[in-house]
Amino acid sequence: MVYVSDVETNTLVYMNAYLRNALGYHSHEEYVGKKCYCVLQGNDSPCRFCNNGRLEPGKFITWTYKNPIMERRFLVKDSLFHYNGKKYRIEIALDMDSEKLGQAKLLPPRTAEILNGCLQCAFETTSPDTVLNNILAYIGENLLCDRVYIFEWNHSDRMRNTYEWCAEGVAPQKQILQNESVDSIQCLFPILEEKKVIVIDDIETIAKQYPAAYVFFKSLDISSFAAGPMKNDGEIVGFVGVDEPAPRMLPLIMPILEVIGYFVVSLLKKREMIHHLQEIGFHDPLTGAYNRNALIEFAEKGSMSSAGVIYCDITGLKKINDVFGHVQGDQMIRHCYDLIHGALDTNLIYRTGGDEFVVLCPQCSQENFNEKVRQLKRLIRKDEYHIAIGYAWSDQQPLQLEAMIDQADCMMYADKRNYYAWQVAAHDDYHTYGFAREVDRCGQSKTQFCRFLENTYNDMELVFESIAQQNSSSYFYFGDMQKDLFYISDNMREDFGFENNVVSGLFRLWSQRISTPEFQDIFWQDVSAMLREKRSSHDLRYQVRDVHGNIKWVHCYGIMKWSEDKSTPLFFSGRVSHQDTDFVVDPITNFPRETSAFNQLDELRRNGQKTQIIGFSLNSITEINSTKGRAYADRLIHNIANKLTEALSWKMTFHRLEGMRCMAVVNPMCVEPNADAVAQIREIIEECYDSMGIAIHHVCSFAVMEYPFEDLTSEDMVENLVALIRIAKQETDQPYMEYSAESIKRIQQMSNMALALEQDVLNDMKNFRVVVQPVVSAKDGTVIGGETLLRWNFKGKDVSPAVFIPILERDSMIHIAGRWVFEQAARNCMQMITYIPGFYLTFNVSLNQLSDTELISFMQETLQKYQLDGSHLVAELTESCLDEQPEMLEHFVDACSEMGMRIALDDFGSGYSSLRMLLQYPSSIIKLDRSLLHEITESDQKMHFIRSIVYACHQFGKKVCCEGVERTDQNTIIRDTGCDMIQGYYYYRPMELSAVYSLLSEKAN
939 MVYVSDVETN TLVYMNAYLR NALGYHSHEE YVGKKCYCVL QGNDSPCRFC NNGRLEPGKF
999 ITWTYKNPIM ERRFLVKDSL FHYNGKKYRI EIALDMDSEK LGQAKLLPPR TAEILNGCLQ
1059 CAFETTSPDT VLNNILAYIG ENLLCDRVYI FEWNHSDRMR NTYEWCAEGV APQKQILQNE
1119 SVDSIQCLFP ILEEKKVIVI DDIETIAKQY PAAYVFFKSL DISSFAAGPM KNDGEIVGFV
1179 GVDEPAPRML PLIMPILEVI GYFVVSLLKK REMIHHLQEI GFHDPLTGAY NRNALIEFAE
1239 KGSMSSAGVI YCDITGLKKI NDVFGHVQGD QMIRHCYDLI HGALDTNLIY RTGGDEFVVL
1299 CPQCSQENFN EKVRQLKRLI RKDEYHIAIG YAWSDQQPLQ LEAMIDQADC MMYADKRNYY
1359 AWQVAAHDDY HTYGFAREVD RCGQSKTQFC RFLENTYNDM ELVFESIAQQ NSSSYFYFGD
1419 MQKDLFYISD NMREDFGFEN NVVSGLFRLW SQRISTPEFQ DIFWQDVSAM LREKRSSHDL
1479 RYQVRDVHGN IKWVHCYGIM KWSEDKSTPL FFSGRVSHQD TDFVVDPITN FPRETSAFNQ
1539 LDELRRNGQK TQIIGFSLNS ITEINSTKGR AYADRLIHNI ANKLTEALSW KMTFHRLEGM
1599 RCMAVVNPMC VEPNADAVAQ IREIIEECYD SMGIAIHHVC SFAVMEYPFE DLTSEDMVEN
1659 LVALIRIAKQ ETDQPYMEYS AESIKRIQQM SNMALALEQD VLNDMKNFRV VVQPVVSAKD
1719 GTVIGGETLL RWNFKGKDVS PAVFIPILER DSMIHIAGRW VFEQAARNCM QMITYIPGFY
1779 LTFNVSLNQL SDTELISFMQ ETLQKYQLDG SHLVAELTES CLDEQPEMLE HFVDACSEMG
1839 MRIALDDFGS GYSSLRMLLQ YPSSIIKLDR SLLHEITESD QKMHFIRSIV YACHQFGKKV
1899 CCEGVERTDQ NTIIRDTGCD MIQGYYYYRP MELSAVYSLL SEKAN
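Numbered as in the numbering used here, the sequence shown ends at 1943 without a single skipped number.
Right, here's the structure in full:
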């Protein structure tokens, strides 16, 4: 039992739970401020035996006493400490009449003194973190240890070193012990479960029995240690450990670690309570979203290579509050928050005002961010409430988050204005908005506009000039359809070379300015259809050529007025608008962007027409950008677009989607089979790649959908088409993917997987792990190294790297994953060399990773962090890296050389330039591709050829490793070729780390 009281006033400040329960108090509030002699002794005045006057800081008075209230005998230890200028008495009482005490030994005086010192540390500050650090320091200094520390874990399989104290001259290790697998010390759990203290005075004694624990402690240069359990509600939540205690202090360790664990857990609970209170200060109580305070803190602390911001405003909240009350308004807010959260699947949602939310998407590619925005828009359109949104994305450093929020805010207000304008235009009650009509004497409907003109002075020519004057984005015209006589705006006359503002036969003359015969046909088809079908509107996008010969995309929109019986077209008024080159038209391909595709598809649906949509992606453009330069890649894309337009625009319209994806909307009149249309597009693309000397196996991937399809909107259709293209990139044996029940399921799976993958990467690589495939010496089969391989678990099952690695590369997450894999390789190798000092681990470096500007500095910092010699790590590069990233490769290789790391050329023999690579680049290890292994077993001639390659490698001082050895005959042949190392299932499959440690332990002994 423990209590603390104010020496000057004799008022109680603290009682531990054991003492509170014994005296019948349920909370601190019930006793704090009361007199100690009243609560503890039942007296009305200070105790006659009070020893406050004899207490001194750092010293204890020990005595025995029978308490009159509890009627039990206690062994009492009293001391004094100062805090905030006041003196406090601390008393620790041991129940001598307890049955447990009767069965236990009393603590040695020195042990009791150390424990009392630990308790005194608790009252020196109110910060649990500071108290824990002070306690560790007190234990370390008194037990003469090298290091004292606390490990914590929860229900996950990871543990972290949260607190440590190190003696002078001892290197801290907390930094490198933040994400350790609990498996490393799993073998020690049974001992800790029994609330026992583990004492190992020589780490070598556990090398055979507990190999994982051995390499964990040995890699930290620990030769002796002790650990005591920390339990919360009967469950182990961590342990307190000491390294290298002085031998004479070993008898004191067990009783101290047995007791201190309980006190540490109580402090950890207090820490979590404080964290919880801080958490409340950063959350909106209504929705659970973060609040403005949290946004400010994130902005101050956040470091992002790229980010997207979405600004959301709930439309009509004030009206709901005014009409239905704030309870209904709160329900609306919660509903809209749930919609945003469900659409974006992120917790970084901040409620910054009554009806406003800001969503942050850090480390998010622009493509992925745009997909999130589209998904949110789609759900808003289907919802009963409207949310106005604006958004911004940037990767320009340094990121100006506040400016991005302002930019998104401005776009949100524009969206809100458009929504209200649409609401006004679509409202049935025209009287409400001043659009009431009256009927004239002839029965014709007369608008308010007409009545205004009749009753006021006006100048229609001036009105027309005011609209068209200095308007660089739109041209205006109107005319008499029966006389075929039109009046055009000044800028239309000047920009397109008309002689006069009054133009006879405008449609015919305008068609001559349309850029291609194919677009001219489309123009006349639409005009003819408008006249034939008695339509009142004309809405078309095409390219025109101005007076200077410049080709521009334009949007032509007009309204036709017909006679009452719809037999005669009377009047036509229209507008021709430039398409925004940054949004509607892609400047490289000159294809309209997806917005125009939505309009075209919606028009098809309205007209009841069906057609085929062909989606396709241009592959390896990222690699071409990196190796040939962006201008070279842009020229390739431009050439492809021109060729497609020239050859196929008469039967399909092309649109540029996000990234390297495009879409072709086939003319409904075209009845050509899908396979033929796809083959024609593929042939043109392949010819363009070949003409520029780019050799790639699969230059493009295709997906085909029918539209309209069930109840899919145009936006949903494009979204599914993009997902189908992604599947097509994996199914390279198929000419194209069709939309089907099976593909729908695949799309859903891929979407869920991609979303989960991103969340796991951003959540400190959750659900990722590494395994190691051992590499053996070809001479005797002994283990000498291993390859680090990345694994990802999704819904309880491992996903093939062939599936998730491309997603990581596509969504720009490979940089984060690559650095994490390197750190795992360094950490694991640090532990594995405790068994085999010459052991090495390889790690793969992809083409995309070479563009990671932070990779090299991260590798240097990691080696320093784990104090690992770079010679134990080998970077595996594929031939594509060597051939396609020469400048970045040279920089990377030089940096590796400075760090002492070697380079391995992976998949050697799978490309067309292997021998040149062998001579040109400073690789230390050549890994023969498994395809060569199959050739070796086919004939002696091919085996001699492989033997000559091995010989050549040896002549250049390179070691050779053969991959993919699975059978006895293959192993025999490979050893006969002179290879130095072998990797394959014949010896070992990829192994979990615990199995690797057991293997190394077995081999080392």
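A virtual CB, placed ideally from N, CA and C, is assigned to each residue, including glycine.
Because the structure is a prediction, the values reported are computed rather than measured.
Between the CA atoms of residue j and residue i - distance to the nearest angstrom
{"i": "ARG1927", "j": "THR1915", "result": "23 Å"}
{"i": "CYS1302", "j": "MET1168", "result": "40 Å"}
{"i": "ASP1033", "j": "GLY1723", "result": "59 Å"}
{"i": "PHE1777", "j": "VAL1721", "result": "8 Å"}
{"i": "TYR941", "j": "LYS1015", "result": "11 Å"}
{"i": "LEU1659", "j": "ARG1544", "result": "21 Å"}
{"i": "TYR1357", "j": "LEU1700", "result": "35 Å"}
{"i": "LEU1115", "j": "CYS1834", "result": "25 Å"}
{"i": "LEU957", "j": "ASP1276", "result": "47 Å"}
{"i": "PRO984", "j": "LYS973", "result": "9 Å"}
{"i": "ILE1129", "j": "VAL1135", "result": "7 Å"}
{"i": "LEU950", "j": "ILE1212", "result": "23 Å"}
{"i": "LEU1662", "j": "GLU1644", "result": "13 Å"}
{"i": "ARG1748", "j": "LYS1667", "result": "12 Å"}
{"i": "ILE1551", "j": "ARG1355", "result": "33 Å"}
Close Cβ partners of residue i (< 6 Å) along its chain, the five nearest in sequence each way excluded
{"i": "VAL1153", "result": "GLN1769, THR1772, TYR1935"}
{"i": "CYS1104", "result": "ARG1085, PRO1110"}
{"i": "ALA1184", "result": "LEU1082"}
{"i": "ALA1145", "result": "TYR1152"}
{"i": "TYR952", "result": "VAL942"}
{"i": "GLU1901", "result": "LYS1865, ARG1868, GLN1921"}
{"i": "SER1511", "result": "PHE1416, ILE1497"}
8 Å CB neighbourhood of residue i in its chain, flanking five on each side removed
{"i": "GLU1235", "result": "PHE1220"}
{"i": "VAL1710", "result": "GLY1724, GLU1725, THR1726, LEU1727, ASN1766, LEU1779, PRO1928, MET1929, LEU1931, VAL1934"}
{"i": "VAL1759", "result": "VAL1708, THR1726, LEU1728, PHE1781, ASN1782"}
{"i": "GLU1653", "result": "ARG1312, LYS1315, ARG1316, PHE1536"}
{"i": "LYS1310", "result": "GLY1246, ILE1248, ALA1281, LEU1282, CYS1299, CYS1302"}
{"i": "THR1049", "result": "LEU1190, PRO1193, ILE1194"}
{"i": "ILE1489", "result": "SER1453, GLN1481, VAL1482, ARG1483, ASN1528"}
{"i": "ASN1117", "result": "ARG1096, ARG1098, ASP1702"}
Nearest to residue i (by Cα), restricted to the options the options
{"i": "ASP1181", "options": "GLU1106, VAL1108, ARG1085", "result": "ARG1085"}
{"i": "CYS976", "options": "GLY1023, GLY991, LYS1733, THR947", "result": "THR947"}
{"i": "GLY1597", "options": "ASN1580, VAL1603, LEU1556", "result": "LEU1556"}
{"i": "HIS1892", "options": "ASN954, GLU1904, MET1919, GLY1902", "result": "MET1919"}
{"i": "ALA1764", "options": "LYS1803, SER1738, ARG1748", "result": "LYS1803"}
{"i": "ILE1578", "options": "LEU1478, LYS1112, VAL1247, ILE1622", "result": "ILE1622"}
{"i": "GLU1009", "options": "LEU961, PHE1019, ASP944", "result": "LEU961"}
{"i": "ALA1467", "options": "ALA1842, GLU1322, MET1498", "result": "MET1498"}
{"i": "CYS1732", "options": "ALA1692, GLU1747, HIS1753", "result": "Note that residue 1732 is Phe in the sequence shown, not Cys. With distances taken between Cα atoms, PHE1732 lies closest to ALA1692."}
{"i": "ASP1718", "options": "LYS1941, GLN1879, ARG1431, HIS1486", "result": "LYS1941"}
{"i": "ALA1569", "options": "PRO1611, SER1534, PHE987, MET1630", "result": "MET1630"}
{"i": "THR1068", "options": "ASP1171, VAL1202, VAL1465, SER1681", "result": "VAL1202"}
Residue i burial status per 10 Å Cβ neighbour count (16 or more: buried)
{"i": "ASP1140", "result": "exposed"}
{"i": "TYR1021", "result": "exposed"}
{"i": "TRP1491", "result": "buried"}
{"i": "SER1241", "result": "exposed"}
{"i": "LYS1043", "result": "Model confidence at LYS1043 stands at a pLDDT of 49, short of 50, so the residue's coordinates are unreliable and nothing is read from them."}
{"i": "PRO1336", "result": "exposed"}
Proximal residues to residue i (C-beta, below 7 Å), its chain only, five neighbours per side dropped
{"i": "VAL1197", "result": "LEU1053"}
{"i": "ASN989", "result": "ILE999, ASP1016"}
{"i": "TYR1003", "result": "PHE1012, VAL1014"}
{"i": "ASP1524", "result": "ARG1531, ARG1594"}
{"i": "ASP1807", "result": "GLY1838"}
### Message
Ignoring anything shorter than 4 residues, give me the alpha helix (DSSP H) runs that lie fully in the stretch 1863-1915, in order along the chain.
### Response
DSSP runs (the alpha helix (DSSP H)) wholly in the stretch 1863-1915: 1868-1874, 1878-1893, 1906-1915.
### Message
Please give me, in chain order, every unbroken run of the alpha helix (DSSP H) with length at least 4 that falls completely inside the stretch 1780-1805.
### Response
Counting only runs of 4 or more, we get 1793-1803.
### Message
Runs of 3 residues minimum, wholly inside the stretch 1427-1483: which ones carry the beta strand (DSSP E) assignment?
### Response
Listed in chain order, the complete beta strand (DSSP E) runs (minimum 3 residues) inside the stretch 1427-1483 are 1440-1442, 1475-1483.
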